[in-house]
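Okay, so here's the structure we're looking at.
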Amino acid sequence: MAFATDTPHMTPAVEFQSVSRHFGAVRAVDGVNLTVAEGEFFAMLGPSGSGKTTCLRLISGFEKPTAGVIRIFGQDSGNTPPNRRNVNTVFQDYALFPHMNVRDNVAYGLMVKGIDRRTRHAKAEEILAVVKLDDYGDRKPGQLSGGQRQRVALARALVNEPQVLLLDEPLGALDLKLREAMQDELKSLQQRLGITFIFVTHDQGEALSMADRVAVFADGKIAQIGTPSEVYTRPRTRFVADFVGSSNVVAPAMAKALGGPEAWASLRPESIRLLPWSKSEIRGSVTAMRYLGSGTRVAVTLPVGEISVLVPAGLPLPNIGDSVGLMLAPNALHPLDGA
Amino acid sequence: MMTTNRAILPERGLGDRLSALFWRKPNLLLVLLLAPPVLWLGVVYLGSLVALLIQSFYSIDEFSGVIVPEFTLATYAELLRPSNFDIIVRTVTMAAAVTLGAAVIGFPLAYFAARYARGKWKAVFYLGIMLPLWSSYLVKVYAWKLILAKEGIIGWAVEGLGGSAVLNSVLALPVIGGTSLSTSYIGTWLVFLYVWLPYMILPMQASLERVPVSMLEASSDLGATRWQTFRTVVFPLAMPGIIAGSIFTFSLTLGDYIIPQIIGSSRRFIGQAVYQLQGTAGNVPLAAAFAVVPIVIMVVYLTIARRKGAFDAL
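Protein sequences appear in the order of chains E and H. The letter at position 310 of the first sequence is residue 440 when you use this note's numbering, and the numbering goes up by one with no holes. The letter at position 125 of the second sequence is residue 319 when you use this note's numbering, and the numbering goes up by one with no holes.
As structure tokens, this is what we get:
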């Protein structure tokens, strides 16, 4: 296809057209539209029960849509069972086969395709090296740590060279240090392999730091979709402002008191500075403080309500009960639609 | 109202004193709890088994009928006599057939109960499986005799449906056939299957219950068909349960002497041989040797199962 070399490949990896999945009266997924580009690291972010995992299961084929169309690389997946979709999943509980050793677990996808033992074992060892588990082929999953199991699950899903890799809260069971290391590793792995990753998480930090784009789910619908910085700095709804990060969701009266228009708005704690009481028109008293390491979160109570301010480490801190003045960075108040 | 303001609370009597004692000496409680059952298991249970084993190495004086308490393998050699060896082959074949039948019939039921049955349906499943165990074994077996008899409900229904020719041709089969279902090996097999089926289903269901759904999904996700998933994931993971169930069905059939007495041809099974030898014939050593056969078979069976990796999923 010589004519196509200059233009980017335009078929989206995954496309949802008004997709719904209802369980009786429960609308787990309700009229979702989205497109995931090829090679993209896409995060589905939301609280539990928001429909993000069901969306993932719709792509893998474990759920069938009640309505709507899901296309994978342009092909309608409506009648294709999971085993014939070139899409693989890293399960939340890893779902490793306990009766097989690590090598056979990883080679499973090749085994069911009828590839001979020698070839599939060689391929499995190759992928195990990619996830840095070279010498673990003979072990059983029960003999591995959580982080190692996670890598085996990843290797097992990658062995089929899927067009889309789905990850269902893959880092949820790991401790903080390991989780951060795996985040970097997943990101670099995705860049190296160029496979489309779709990642489900309830951890906004994880979504923001890893994804190219984020879809924020609420009640079976997408509340907002955009790059991490778009979603973080310009949340569209109160829900997104509240869920992504630790924004202040500011009621109209408070917005007015802070010098903005009388409408719902979001306000990042880091875009507010504390001043001496006399230096500002906007005044309140300190009611609580929480030390976070990189800074301190200070709750300031104004006549119209409470607001949270982030004081970076190193700057002077007030005492509880002090009266303080507030100063907002320019354009810090970000209007929210759909109050 | 709480008025104590002390870090260590006072003892409140015997319960607290015993708890403290067991806390200081954790092994004491374990010993006290284990001593009675271990004594029972060791002395009464295994002890009588050893006595049985010893008896099997004695022999009987053919003229006086007196047991000679001297070590000999002669009694075991007698087991190999064609008439005795036939009994063993017959019994083992029946036990294997019953086990296989129970596994084939039981698996779908156990799978349904483990994977799909919830709430009320789970209760229906348990009730359905356990209910036959509540009534007397003998009553059930005699009821089956009537069901399977020539004039019984099965014969009547088959005739009504115009299938007498089919039933007759089945009964005309060599070895497993007979004059009616109740006097054929088919009938014996059906009744064994009926009475031992719960013992196969329950352990199977327990092992299937432990297979998470995500594991089946993972298999399908990686490209496996239903059959491949069954063969490479479900079946190996259910294997410990199937083995446990087969231990029950196999050994219960090996030892039973009532069902083949009431239903089937007059040819004897191990249980009947033991019953007659220790009773009317007074040949306790040979009866003991016969009783050792199922034990040896079970040991061999489990060893093979272990070698084949049946317990890898445990």
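Glycine included, each C-beta is placed from N, C-alpha and C at the ideal position.
Cβ neighbour criterion (16 or more within 10 Å) applied to residue i
i: N362(H); result: exposed
i: W328(H); result: exposed
i: Y239(H); result: exposed
i: T367(E); result: buried
i: W394(E); result: buried
i: D467(E); result: exposed
i: K182(E); result: buried
i: E411(H); result: buried
i: P448(E); result: buried
i: E170(E); result: buried
i: I380(H); result: buried
i: M140(E); result: exposed
i: D234(E); result: buried
i: D210(H); result: exposed
i: Y331(H); result: exposed
i: A245(H); result: exposed
i: Q205(E); result: exposed
i: F429(H); result: exposed
i: A366(H); result: exposed
i: L355(H); result: exposed
i: S378(H); result: buried
Whole-angstrom C-beta distance between residue j and residue i, which should lie under 8 Å
i: G439(H); j: G449(H); result: No, G439(H) and G449(H) are not in contact; Cβ-Cβ is about 16 Å, not under 8 Å.
i: M288(H); j: T447(H); result: 6 Å
i: I328(E); j: I189(E); result: 7 Å
i: T293(H); j: T443(H); result: 5 Å
i: V441(E); j: V430(E); result: Not quite, the Cβ-Cβ distance comes to about 11 Å (not below 8 Å), so this is no contact.
i: V144(E); j: V294(E); result: 6 Å
Proximity winner among the options, relative to residue i (alpha-carbon distances)
i: F146(E); options: L175(E), P177(E), A197(E), N213(E); result: A197(E)
i: V162(E); options: T184(E), P212(E), G169(E), P142(E); result: T184(E)
i: G335(E); options: F221(E), I437(E), G302(E); result: G302(E)
i: A432(H); options: L416(H), S408(H), L402(H), T426(H); result: L402(H)
i: D160(E); options: A443(E), G179(E), A173(E), S275(E); result: G179(E)
i: P479(H); options: A229(H), G207(H), E264(H), V428(H); result: E264(H)
i: D349(E); options: A287(E), S339(E), G191(E), H152(E); result: H152(E)
i: L338(E); options: L319(E), G267(E), S359(E), V156(E); result: S359(E)
i: D415(H); options: F203(E), D305(E), T210(E); result: T210(E)
i: G243(H); options: Y305(H), A482(H), R501(H); result: Note that residue 243(H) corresponds to Leu in the displayed sequence, not to Gly. Selected option, being the one with the closest Cα: A482(H).
i: M492(H); options: P204(H), V286(H), N278(H), E205(H); result: V286(H)
i: V297(E); options: L306(E), K307(E), Q313(E); result: Here residue 297(E) turns out to be Leu, not Val, going by the sequence shown. Residue Q313(E) is the option with its Cα nearest to L297(E).
i: T363(E); options: V330(E), I352(E), I325(E), E400(E); result: E400(E)
i: A459(E); options: S148(E), S396(E), G375(E); result: S396(E)
Residues near residue i by beta carbon distance below 7 Å, same chain, minus five either side
i: V385(H); result: V335, W338, I453, I457
i: I436(H); result: A297, M398
i: R250(E); result: A237, L240, M241
i: A132(E); result: Bear in mind that a pLDDT of 42 at A132(E), under 50, signals an unreliable position, so the number given afterwards is only what the model happens to contain. The answer is none, since no qualifying residue turns up.
i: F216(H); result: L222, L223
i: Q455(H); result: Q466
i: A134(E); result: Residue confidence for A134(E) is low, a pLDDT of 41 falling below 50, so the modelled location carries little weight; the figure read from the coordinates is stated next. For A134(E), where only same-chain residues beyond five positions count, there are no Cβ hits under 7 Å.
i: V318(H); result: none
i: A400(H); result: G435
i: K386(E); result: E392
i: G276(E); result: A303, L304
i: V434(E); result: A383, M384, A387
Same chain only: Cβ atoms within 6 Å of residue i, ignoring 5 sequence neighbours per side
i: N290(E); result: N218, G239
i: Y451(H); result: G465, Q466, Y469
i: A499(H); result: I437
i: F251(H); result: F265
i: Y266(E); result: V232
Those residues which DSSP pairs with residue i across a bridge
i: V166(E); result: V144(E)
i: K351(E); result: A348(E)
i: S396(E); result: V379(E), H464(E)
i: D298(E); result: V330(E)
i: G206(E); result: Here the sequence assigns Asp to residue 206(E), which means Gly is not the residue at that position. Per DSSP, R201(E).
i: A173(E); result: F329(E), V344(E)
i: G455(E); result: L405(E), R413(E)
i: K251(E); result: Note that residue 251(E) is His in the sequence shown, not Lys. According to DSSP, H251(E) bridges with nothing at all.
i: G356(E); result: V344(E)
i: V486(H); result: Partner(s): none; V486(H) has no beta bridge.
Residues near residue i in its chain [Cβ-Cβ closer than 8 Å; skip 5 each side]
i: A283(E); result: V220, F221, Y224, A225, L226, P300
i: P392(H); result: I323, M324, P326, L327
i: R269(E); result: N231, V232
i: T137(E); result: Residue placement at T137(E) is poorly supported in this model, since its pLDDT is 44, which falls under 50; the coordinates still yield a value, given next. The answer is none, since no qualifying residue turns up.
i: T357(E); result: D342, R343, V344
i: V260(E); result: A285, L288, L319
inquiry  = Output needed in chain order: residues of the segment 413-439 of chain H with a Cβ under 8 Å from some Cβ in chain B.
reply    = Annotation note: the requested chain B is absent from the structure, which comprises protein chains E and H.
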